[in-house]
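Worksheet: one structure, shown below.
Number of protein chains: 2
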Amino acid sequence: MATEVQQLAQIRERFIGQWGTFGSAWGIPRTMAQIHALLLMSDESLSTDEVMDALHISRGNANTNLRELVGWGLVYKRHRRGERREYFEAEKDVWTIFCTVARERKRREVEPALNLLRDCVQLTASMRTKQGKAFHKQMQKLAEFVGLAASLMERLAASERSRVIPALVKLLA
Amino acid sequence: MATEVQQLAQIRERFIGQWGTFGSAWGIPRTMAQIHALLLMSDESLSTDEVMDALHISRGNANTNLRELVGWGLVYKRHRRGERREYFEAEKDVWTIFCTVARERKRREVEPALNLLRDCVQLTASMRTKQGKAFHKQMQKLAEFVGLAASLMERLAASERSRVIPALVKLLA
DNA sequence: TCGTTCTTTCAGTAGATTCTGAAAATCAAG
DNA sequence: CTTGATTTTCAGAATCTACTGAAAGAACGA
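Right, here's the structure in full:
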């Protein structure tokens, strides 16, 4: 029936919109999240022009965000034989997506924060005032926790899903 | 020495600035993250005016973000006897902070996303076109994973640190 | 009740971020 | 090389978010 196609289009559109909103709550540009949503739902790889049309965005915008997504490792460039233009396809496996995002955010955002914290610990190590010692202590605790969390995330992202997930479920039962 | 006080002030300032930047990469307003950083470093609780002075921000801004932090459960209101004005103190325990943030983000952002995904699964359950079925399948996988992750986070945040952390370290060794 | 102190609200603005569109660069085939 | 198709870049525009400051609202004591 023709209705199913229309319905599907409507649901897709809703998903794209909401996924964009959701992304921007986590510090990911709206359009980037929407492009990701669009590609996640597409069986076939899409060209820049198809993305532009689907989301009503400019060429520059589409190009920039597509490249950004490729940079994150969430989207792959594809080539079709006999075709000059590039096509884009999203990584579809949810566990792989999770691991990629975890790794990238750690590298881009957690690592620098950790460096900051460790600097703060170092620079106050020999302070003798009450305030200085208190600050040192607090930074120490923070650095320790963030460091541990980052390391655990890294190792989680390097694990095999089939081994780790059941173990986690059991541990947190 | 007088130098230590100056040095400490400088380091604190650096920490506040960077923590703000870090926060805004994760979708947390810069000022809110900075106020949190300031309170995290302060032994004594601070009044709205002290926060305003320390960060050079307006009363409205300070008030709004302080209340927001209280709303997140990361900061507590304090009263001093004989004093009319309110003072604010940050939760200092890192594990508690982590659990609070995990819970709140789940409630505010993951839960709604999960509802969206489940709606998408429902609404496409009976579709018969190739595209419809593919979409349904992809949403199903996404919903399943996000649901599991949310549930694990919730349970992690409800666990005792001393029991869970060592177990996690061992599991991911 | 009135005056004082402190808190909250919110319209307007400032500032930051994201997007557009056109020009420049790249590339492959003839 | 030249041409035409495609991608990239980026200055300026549009949009969105966060902040200010002043005015209104509570809370309390006298």
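One line per chain: the protein sequences are A and B, in this order.
Under this note's numbering, think of the first position of the first sequence as 1, with each following residue one higher.
Under this note's numbering, think of the first position of the second sequence as 1, with each following residue one higher.
We put the beta carbon where it would ideally sit given N, CA and C, even for glycine.
In this text the structure is predicted, and so the values were computed from the model without any measurement.
Helix, strand or coil at residue i according to DSSP, with G and I counted as helix
i, result
"residue 85 of chain A", "coil"
"residue 117 of chain A", "helix"
"residue 78 of chain A", "strand"
"residue 47 of chain A", "strand"
"residue 149 of chain A", "helix"
"residue 158 of chain A", "coil"
"residue 54 of chain B", "helix"
"residue 173 of chain A", "coil"
"residue 90 of chain A", "strand"
"residue 19 of chain A", "helix"
"residue 102 of chain A", "helix"
"residue 127 of chain B", "coil"
"residue 246 of chain A", "Past the edges of chain A, shown from 1 to 173, lies residue 246 of chain A, and the structure says nothing about it."
"residue 71 of chain A", "helix"
Pairwise C-alpha distance: residue j and residue i
i, j, result
"residue 102 of chain A", "residue 31 of chain B", "26 Å"
"residue 137 of chain A", "residue 104 of chain B", "27 Å"
"residue 25 of chain A", "residue 22 of chain B", "14 Å"
"residue 93 of chain B", "residue 141 of chain A", "9 Å"
"residue 62 of chain A", "residue 91 of chain A", "18 Å"
"residue 89 of chain B", "residue 69 of chain B", "10 Å"
"residue 81 of chain A", "residue 65 of chain A", "25 Å"
"residue 75 of chain A", "residue 84 of chain A", "19 Å"
"residue 121 of chain A", "residue 14 of chain B", "13 Å"
"residue 111 of chain B", "residue 116 of chain A", "32 Å"
"residue 96 of chain B", "residue 157 of chain B", "8 Å"
"residue 40 of chain B", "residue 126 of chain A", "20 Å"
"residue 123 of chain B", "residue 98 of chain A", "25 Å"
"residue 9 of chain B", "residue 60 of chain A", "44 Å"
"residue 118 of chain B", "residue 143 of chain A", "38 Å"
"residue 51 of chain B", "residue 7 of chain B", "20 Å"
"residue 77 of chain A", "residue 49 of chain A", "14 Å"
"residue 139 of chain B", "residue 109 of chain A", "29 Å"
"residue 166 of chain A", "residue 34 of chain B", "39 Å"
"residue 146 of chain A", "residue 114 of chain A", "7 Å"
"residue 73 of chain B", "residue 148 of chain A", "23 Å"
"residue 107 of chain B", "residue 160 of chain B", "20 Å"
"residue 57 of chain A", "residue 29 of chain A", "14 Å"
"residue 79 of chain B", "residue 132 of chain A", "26 Å"
"residue 53 of chain B", "residue 150 of chain A", "34 Å"
"residue 134 of chain B", "residue 67 of chain B", "45 Å"
"residue 71 of chain A", "residue 100 of chain A", "11 Å"
Distance between beta carbons of residue j and residue i, contact taken as under 8 Å
i, j, result
"residue 47 of chain A", "residue 87 of chain A", "5 Å"
"residue 16 of chain A", "residue 37 of chain A", "5 Å"
"residue 172 of chain A", "residue 155 of chain B", "4 Å"
"residue 55 of chain A", "residue 168 of chain B", "The Cβ separation is near 40 Å, so there is no contact."
"residue 4 of chain B", "residue 129 of chain A", "6 Å"
"residue 27 of chain B", "residue 20 of chain A", "Rounded, the Cβ-Cβ distance is 13 Å, inconsistent with contact."
Any non-hydrogen atom of the ligand PLP within 8 Å of residue i CB
i, result
"residue 103 of chain B", "For the structure depicted, the ligand PLP is absent and the ligand set is empty, with no information on it obtainable."
Task: Against chain A: residues of the region 110 to 121 of chain B by CB proximity under 7 Å - done: 113, 116 and 120
Chain B contacts made by the region 24 to 55 of chain A, where a contact means CB separation under 8 Å: 24, 25, 26, 27, 40, 41 and 43
Along the region 142 to 153 of chain B, where does the CB come closer than 7 Å to a CB of chain A? Name the residues. 142, 145 and 152
Interface positions of the region 152 to 169 of chain A facing chain B (Cβ-Cβ less than 8 Å), listed along the chain: 152, 155, 156, 159, 164, 165, 167, 168 and 169
Next on the checklist: Please list, in chain order, the residues of the region 127 to 142 of chain B that have any C-beta partner in chain A closer than 9 Å.
Outcome noted: Listed by position along the chain: 127, 128, 129, 130, 131, 132, 134, 135, 138, 139, 141 and 142.
Original post:
Which residues, in order along the region 84 to 103 of chain A, keep a beta-carbon less than 8 Å from a beta-carbon of chain B?
Top reply: 92, 94, 95 and 98
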